[in-house]
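**Q** As they're listed, the protein sequences go chains A and B.
Using the numbering used here, you'd call the opening residue of the first sequence number 1 and step up by one each time.
Using the numbering used here, you'd call the opening residue of the second sequence number 1 and step up by one each time.
Take a look at this one; I'll ask things after.
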Amino acid sequence: MAPIFRWGFLGLILTLIYIPILVLVVNSFNASKYGIKWGGFTFKWYEKFWNNDGLMTAALNSLTVSIVAASVATVIGTLAAVALHRYQFKGKALLSSMVFVSMLTPEIVMAISLLIVFMALGIKLGFISLVIGHITFCLPFVIVAVYSRLKGFDMKMLEAARDLGASESSIFWKIILPLALPAVAAGWLLSFTLSLDDVIVSAFVTGPGYEILPLKVYSMVRVGVSPEVNAISTILLVVSLVLVVISQLLLREDK
Amino acid sequence: MKSSVGQFRFWAIGLASVWLTLFVFFPNLLVILTSFLTRDPQATVSLPINADSYVRTLDLLYLQVLWDSLRMSLLAMVFCLVVGYPFAMAIVSLPKRWQPVILFLVILPFWTNSLVRTYAIQFILGNQGIINKALLGLGLIDKPLQLLYTQFAVILGLCYILLPFMVLPLYSALEKLDVRLHHAAKDLGAGPLSRFWHITVPLTSPGIVAGCLMVLLPAMGMFYISDLLGGAKNLLLGNVIKTQFLHTRDWPFGSAFSVILIVLLGFMLWLYFRAARFVNKQGGLNGSDF
């Protein structure tokens with residue numbers, strides 16, 4: 001392919017990918033209610049969102065779930081990545097294949113399997129079930145992010161530390177964690193955005209008393225036009241974009 | 001000191017193992033089990049074990065839904081492949097420092113809210129959307145085209161959301177391709193089309209299968225895309241499963257549909273490992289670490 005065609009094609013597809021996002025963002029500042037014509041610049045949809053108690057509660061609930069889920073997933077996932085990288089143990093192949101399977105399982109299958117297991121274990125649907133569900137789909141992402149960082153390490157350093165009498169936990173705290181910290185932080189940020197944006201798993205495992213933002217948005221866009229949705233959507237998009245850019249900068253190889 | 005070694009190891013291995021067993025392994029078994037149980041109005045599901053749910057999926061009505069869902073998802077997959085393959089090839093042929101930038105721009109939307117992006121597509125395709133307004137304004141049409149609430153809209157939405165999943169595995173397969181093979185084939189007189197068909201395609205087949213898997217399976221489950229873009233008529237398998245679980249409360253029936261998805265996943269994984277083994281045998285790649 002000639003360079004001009006190459007760049008043209010890449011540019012065209014990327015433009016098509018970003019146009020809908022741009023339209024949504026622009027319209028969130030459009031004073032005209034149905035977004036058919038440009039009615040002037042306004043913040044009123046953001047104000048409407050801010051003053052809507054139901055939506056604000058849902059937003060706070062979403063934040064709570066995402067922070068808790070991302071944090072727990074990061075702790076468990078980081079430890080698992082260290083274990084998979086450093087230790088030989090029985091069931092290692094099983095553990096890594098479970099990580100693999102949980103990444104590839106279609107979300108809808110994960111959603112109903114979690115719903116069934118919550119019923120079987122008698123876990124009430126609501127905050128707890130949401131957090132467990134979100135941790136489960138975030139976990140493999142953290143494991144993969146931290147594991148690929150650990151793979152680039154010089155293992156001799158760890159052996160030297162052990163020969164000098166350092167305990168496993170102090171090797172973890174003093175050497176592995178500081179070195180892997182960018183990947184751990186990136187894992188947290190990615191988990192947070194995945195959790196904040198999830199619809200499919202949440203739709204199945206939430207309870208009637210606990211509303212979260214994406215599901216609120218879902219029910220709003222199903223009934224019809226409500227311009228606050230543009231404002232909420234823009235906020236969600238911007239939050240995710242900023243966090244992902246930060247996480248990718250952290251994951252960059254050099255320093 | 002000995003016990004501290006054991007303790008750290010114990011927690012590092014134990015936490016994730018218990019979590020994944022409890023919330024991934026065990027639940028998947030339960031889905032399969034549930035699909036063989038009987039619906040019970042009081043207890044959701046109950047014994048006699050039977051295969052009624054599977055027999056019922058063969059009902060003409062559901063076969064039609066299944067076929068429609070599969071067809072839309074397959075078309076989305078083919079479309080993603082047709083766009084994604086040249087796209088990945090174009091990225092690979094860029095200078096090294098540009099590759100990660102373009103790749104990042106493609107993946108970036110994956111991390112944002114896909115519901116919100118589906119809503120954006122709805123906004124664009126509607127009777128009052130940009131496309132119709134532009135066409136009306138140019139005088140190319142007299143009345144708005146019905147773009148929204150069609151199968152076309154659903155397929156477009158699926159492609160839009162799932163394209164990164166196709167590009168990523170294709171890119172990593174193409175990147176590993178040994179250019180010397182192309183030079184050798186050229187010296188031996190093979191034309192560009194023949195080189196593409198006999199070298200590039202077979203050696204990137206694991207990437208092709210992986211990309212197809214990562215588009216097709218999620219595509220069948222994304223109920224909100226068909227909900228927002230397809231209306232009540234164009235259902236995906238995900239809509240059927242959701243209705244059975246959350247509205248009709250027929251869990252065995254819903255589980256049976258999910259098992260179909262699990263079987264499809266198994267089949268495509270088998271295909272992937274076969275393709276990877278084939279490529280390794282041909283010696284085109286130095287060990288697949290995918």
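All C-beta atoms in this analysis are idealised placements derived from N, C-alpha and C, irrespective of residue type, glycine included.
Give a yes or no on whether 8 Å exceeds the smallest Cβ distance from A:F172 to chain B.
**A** Position 172 of the first sequence, counting from 1, holds the residue named residue 172 of chain A. Interface residue, yes.
**Q** Taking Cβ positions, are B:L295 and B:D68 nearer each other than 8 Å?
**A** No statement about residue 295 of chain B is possible, as the shown extent of chain B runs from 1 to 290 and does not include it.
**Q** So, for A:M157: in the same chain, excluding its five sequence neighbours on each side, which residues have a beta-carbon less than 7 Å away from its beta-carbon?
**A** Stepping through the first sequence from its first residue, residue 157 of chain A is reached at position 157. Within the same chain, A:M157 has close Cβ partners I175.
**Q** Based on the DSSP secondary-structure assignment, which residues constitute the bridge partners of B:V45?
**A** Working through the second sequence from its first residue, we reach residue 45 of chain B at position 45. In DSSP, B:V45 forms a bridge with B:R39.
**Q** Can you grab the Cα-Cα spacing for the pair A:A83 / B:Y171, in whole Å?
**A** Translated into the one-based positions of the first sequence, residue 83 of chain A becomes position 83. Translated into the one-based positions of the second sequence, residue 171 of chain B becomes position 171. So the alpha carbons of these two residues sit roughly 30 Å apart.
**Q** Tell me A:N27's beta-bridge partners as DSSP assigns them.
**A** The residue you call residue 27 of chain A lines up with position 27 of the first sequence. None, per the DSSP bridge assignment.
**Q** With distances taken between CB atoms, is the gap from A:S28 to A:T206 smaller than 8 Å?
**A** Here residue 28 of chain A refers to the residue found at position 28 when the first sequence is read from its first residue. Here residue 206 of chain A refers to the residue found at position 206 when the first sequence is read from its first residue. Result no, Cβ atoms of A:S28 and A:T206 do not sit closer than 8 Å.
**Q** For a quick check, are the C-beta atoms of A:P182 and A:L250 less than 8 Å apart?
**A** The residue you call residue 182 of chain A lines up with position 182 of the first sequence. The residue you call residue 250 of chain A lines up with position 250 of the first sequence. A contact, by the Cβ cut-off of 8 Å.
**Q** So with CB distances below 9 Å, who are the chain B contacts of A:E228?
**A** Mapped onto the first sequence, residue 228 of chain A falls at position 228. Ordered by position in chain B, no residue passes the 9 Å Cβ test against A:E228, which lies about 12 Å from the chain.
**Q** Give me the DSSP bridge partner(s) of A:F41.
**A** Taking the first residue of the first sequence as position 1, residue 41 of chain A is located at position 41. In DSSP, A:F41 forms a bridge with A:N30.
**Q** Are the beta-carbon atoms of A:V199 and B:L163 separated by less than 8 Å?
**A** Position 199 of the first sequence, counted from the start, is the residue given in the question as residue 199 of chain A. Position 163 of the second sequence, counted from the start, is the residue given in the question as residue 163 of chain B. In this structure, B:L163 does not lie closer than 8 Å to A:V199 by Cβ.
**Q** Is the beta carbon of A:A73 less than 8 Å from the beta carbon of A:S191?
**A** Mapped onto the first sequence, residue 73 of chain A falls at position 73. Mapped onto the first sequence, residue 191 of chain A falls at position 191. In this structure, A:S191 lies closer than 8 Å to A:A73 by Cβ.
**Q** State the CB to CB distance for the pair B:G221 and B:L237, rounded to an integer number of angstroms; the pair is presumed to be in contact (CB under 8 Å).
**A** Position 221 of the second sequence holds residue 221 of chain B. Position 237 of the second sequence holds residue 237 of chain B. The Cβ separation is near 7 Å, so the contact holds.
**Q** Kindly list the residues whose CB is nearer than 8 Å to the CB of B:S194, restricted to its own chain and excluding five residues on each side of it in sequence; keep chain order.
**A** On the second sequence, residue 194 of chain B is found 194 positions in, with the first residue counted as 1. Only A185 meet the Cβ criterion.
**Q** Go ahead and pull the three-state DSSP assignment for B:W98.
**A** Taking the second sequence and counting its residues from 1, the one referred to as residue 98 of chain B is at position 98. The answer is coil: DSSP assigns B:W98 none of H, G, I, E or B.
**Q** On the DSSP letters alone, give me the boundaries of the alpha helix (DSSP H) that A:W188 sits inside.
**A** Position 188 of the first sequence, counting from 1, holds the residue named residue 188 of chain A. Unbroken alpha helix (DSSP H) run through A:W188: 177-197.
**Q** Check whether the Cβ atoms of A:A69 and A:I17 lie closer than 8 Å to each other.
**A** Residue numbering aside, residue 69 of chain A sits at position 69 when the first sequence is read from its first letter. Residue numbering aside, residue 17 of chain A sits at position 17 when the first sequence is read from its first letter. Their beta carbons are not under 8 Å apart, which means A:A69 does not touch A:I17 by this criterion.
**Q** Along the alpha helix (DSSP H) that carries A:M98, what are the first and last residues, could you check?
**A** Residue numbering aside, residue 98 of chain A sits at position 98 when the first sequence is read from its first letter. Note, A:M98: alpha helix (DSSP H), 92-104.
**Q** Distance, Cα to Cα, B:V209 vs A:S32?
**A** For the purposes of this step, residue 209 of chain B is taken as residue 209 along the second sequence, with counting starting at 1. For the purposes of this step, residue 32 of chain A is taken as residue 32 along the first sequence, with counting starting at 1. Near 46 Å, if we compare the C-alpha coordinates of A:S32 and B:V209.
**Q** How many angstroms separate the CA atom of B:S255 from the CA atom of A:A2?
**A** Counted from its first residue, the second sequence places residue 255 of chain B at position 255. Counted from its first residue, the first sequence places residue 2 of chain A at position 2. Going from the Cα of B:S255 to the Cα of A:A2 covers about 51 Å.
**Q** How is A:R252 classed by DSSP in three states: helix, strand or coil?
**A** On the first sequence, residue 252 of chain A is found 252 positions in, with the first residue counted as 1. Note: A:R252 maps to coil in three-state DSSP.
**Q** Go through its chain and collect everything with a Cβ distance to B:W111's Cβ below 8 Å, but skip five positions before and after it.
**A** Taking the second sequence and counting its residues from 1, the one referred to as residue 111 of chain B is at position 111. Within the same chain, B:W111 has no close Cβ partners at all.
**Q** Are the segment 214-229 of chain B and the segment 118-137 of chain B touching, with three or more C-beta to C-beta distances below 8 Å?
**A** Cβ pair count under 8 Å is three or more, so yes.
**Q** Please name the residue, chosen from A:M56, A:H85, A:A203, A:G122, that lies closest to A:K151 on a Cα-to-Cα basis.
**A** Locating residue 151 of chain A in the first sequence gives position 151, where the first residue counts as 1. If we check each option's Cα against that of A:K151, A:H85 comes out closest.
**Q** Between the alpha carbons of A:K37 and B:L15, how many angstroms are there, rounded?
**A** Looking up residue 37 of chain A in the first sequence gives position 37. Looking up residue 15 of chain B in the second sequence gives position 15. In a straight line, the C-alpha of A:K37 is about 55 Å away from that of B:L15.
**Q** Can you tell me the Cα-Cα spacing of B:R274 and A:M98, whole angstroms?
**A** In the second sequence, the residue the question calls residue 274 of chain B occupies position 274. In the first sequence, the residue the question calls residue 98 of chain A occupies position 98. Computed Cα separation, rounded: 20 Å.
**Q** Would you report the Cα separation of B:R180 and B:D187, rounded to the nearest angstrom?
**A** Within the second sequence, residue 180 of chain B is the residue found at index 180, counting from 1. Within the second sequence, residue 187 of chain B is the residue found at index 187, counting from 1. Cα to Cα, B:R180 sits roughly 10 Å from B:D187.
**Q** Look at the Cβ atom of A:Y218, then the Cβ atom of B:R9, and state whether they are nearer than 8 Å.
**A** By 1-based counting over the first sequence, the position of residue 218 of chain A is 218. By 1-based counting over the second sequence, the position of residue 9 of chain B is 9. The answer is no: Cβ separation not under 8 Å.
**Q** What do you get for B:Q64, buried or exposed, if any count of 16 or more other CB atoms within 10 angstroms of its CB means buried?
**A** For the purposes of this step, residue 64 of chain B is identified with residue 64 of the second sequence, where counting begins at 1. By the neighbour-count rule (16 or more Cβ atoms within 10 Å), B:Q64 is not buried but exposed.
**Q** Does DSSP put A:E211 in a helix, in a strand, or in coil?
**A** For the purposes of this step, residue 211 of chain A is identified with residue 211 of the first sequence, where counting begins at 1. Coil.
**Q** If you follow the alpha helix (DSSP H) that B:D68 is part of, which residue opens it and which one closes it?
**A** The residue you call residue 68 of chain B lines up with position 68 of the second sequence. Residues 60-92.
**Q** Under the rule that 16 or more other beta-carbon atoms within 10 Å means buried, what is B:K242, buried or exposed?
**A** Walking along the second sequence from the start, residue 242 of chain B turns up at place 242. When all chains shown are included, B:K242 counts as buried.
**Q** Can we say the segment 160-174 of chain A touches the segment 37-48 of chain A, given the rule of at least three CB pairs closer than 8 Å?
**A** Taking 8 Å as the limit for Cβ pairs, the verdict is that the segment 37-48 of chain A does not touch the segment 160-174 of chain A.
**Q** DSSP three-state call for A:A2: helix, strand or coil?
**A** Sequence index remark: in the first sequence, residue 2 of chain A carries index 2 (1-based). Note: A:A2 maps to coil in three-state DSSP.
**Q** So that I know if they touch, is there some Cβ in chain B lying closer than 8 Å to that of A:R149?
**A** Your numbering for residue 149 of chain A matches position 149 in the first sequence. Chain B contact via Cβ: absent.
**Q** Can the beta-carbon of B:V215 be found less than 8 Å from the beta-carbon of B:A88?
**A** For the purposes of this step, residue 215 of chain B is taken as the residue at position 215 of the second sequence. For the purposes of this step, residue 88 of chain B is taken as the residue at position 88 of the second sequence. For B:V215 and B:A88, no; Cβs fall outside 8 Å.
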